Amino acid sequence: MYSTSQITISNIPEISAIYFSLLQCGYDYYSIERSQRHNDAICSFLGSGDIPSFFYGIRQNTCEVYPYWPRAAILETASFYLLPDHSAFREYDAFCEHIMSAGNIAECERDQKLWTWIADFPSALSKVLESDSFQRYLNWENKWIAEQNVKHKEALRSIQKCLDICIYKFDSPMQDIQIVINPIKCVYSSDYHINGNCFIFSSGAFQLKIDRPLSWRSVNLSIQ
31 MYSTSQITIS NIPEISAIYF SLLQCGYDYY SIERSQRHND AICSFLGSGD IPSFFYGIRQ
91 NTCEVYPYWP RAAILETASF YLLPDHSAFR EYDAFCEHIM SAGNIAECER DQKLWTWIAD
151 FPSALSKVLE SDSFQRYLNW ENKWIAEQNV KHKEALRSIQ KCLDICIYKF DSPMQDIQIV
211 INPIKCVYSS DYHINGNCFI FSSGAFQLKI DRPLSWRSVN LSIQ
């Protein structure tokens, strides 16, 4: 058995909205190891409309090298637990369990303050997704994503081959890979999510090495 779909680079509007909001809140990690052309394009969206104050709460002081950890990653995860209309959480208990069982989040980073704050995520995200300023940005991001697919066409084929091997030889429960790249997110920040039988790689830049965590996770999950 092989994957039935061809792997491409894509975006997820909910995740795009998170980083668009962060940009308006002073997030400046987008500029690291980016071209001047890229940075100029991102800067053109600064000051684009009002952003709910909720998003200022993402920045914390628990991680010196990247103060947006872990809340930016937690919001990415939370976006998979929202109703289709983003009006509220679905399977909220499952989301809480996922965060509370994560081995890379400190107890002080997931205490009651986190849960009180994150309760406002659905309404805050909805306001951004519906705003004209975000829609203008998303239109530009969609074009940027298309360029990335052309640029990394051969590398994407290599990842597809890796997935096919994992499925065929190891009976991997991961049947698909979604590569989500965001032009605002720091190029050194990578997060991984599992949505059903889809392995989701989320980063600020395309990295061919994503086949390594996929291979390990596929074999590990098949053995369990």
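Residues in the sequence shown are numbered consecutively from 31, following this note's numbering. For each residue, glycine too, the CB sits at the ideal point set by N, CA and C. Nothing here was measured: the structure is a model prediction, and the numbers come from that model.
Contiguous alpha helix (DSSP H) elements confined to the region 169-232 occur at 183-200, taking only those with 4 or more residues.
It is roughly 22 Å from the alpha-carbon of I42 to the alpha-carbon of G87. Within a 10 Å sphere around the beta-carbon of I62 sit fewer than 16 other beta-carbons, which makes this residue exposed.
Of the other Cβ atoms in all chains shown, fewer than 16 fall within 10 Å of the Cβ of C138; this residue is therefore exposed. The DSSP-derived three-state label of S40 is strand. The distance from the Cβ of I207 to that of A235 is about 16 Å, inconsistent with a contact at the 8 Å cut-off. Per DSSP, H68 is one residue of the alpha helix (DSSP H) stretching across 66-73. One thing to note: A47 has its Cβ within 7 Å of the Cβ of F164.
Excluding sequence positions up to five before and after W147, its CB lies within less than 7 Å of the CB of G87, all in the same chain and listed in chain order. About 6 Å separates the beta carbons of T107 and H223, which is inside the 8 Å limit, making them a contact pair. In this structure, I175 is the residue among F229, I175, A132 with its C-alpha nearest to the C-alpha of I214.
Rounded to whole angstroms, the separation of the alpha carbons of F200 and F84 is 43 Å. DSSP places T107 in the uninterrupted alpha helix (DSSP H) bounded by 101-109.
L159 is bridged by DSSP to nothing; it lacks a bridge partner. Annotated as proximal: E121 and Y111, with beta-carbon spacing under 7 Å.
Comparing alpha-carbon positions, the option among I135, L76, G79 lying closest to R101 turns out to be I135. When DSSP reads this structure, F164 sits in no beta bridge, so it has no partner. In summary, W99 is buried, with 16 or more beta-carbon neighbours lying within 10 Å of its beta-carbon over all protein chains present.
Assigned with DSSP and collapsed to three states, F236 falls in coil, not helix or strand. Judged by pairs of C-beta atoms under 8 Å, the region 184-193 does not touch the region 58-77, as fewer than three such pairs exist.
Under the DSSP assignment, Y122 falls in the alpha helix (DSSP H) whose first and last residues are 122-130. By the CB criterion at 7 Å, I72 and Y60 fall inside the cutoff. The three-state reading of DSSP puts L53 in helix, counting H, G and I together.
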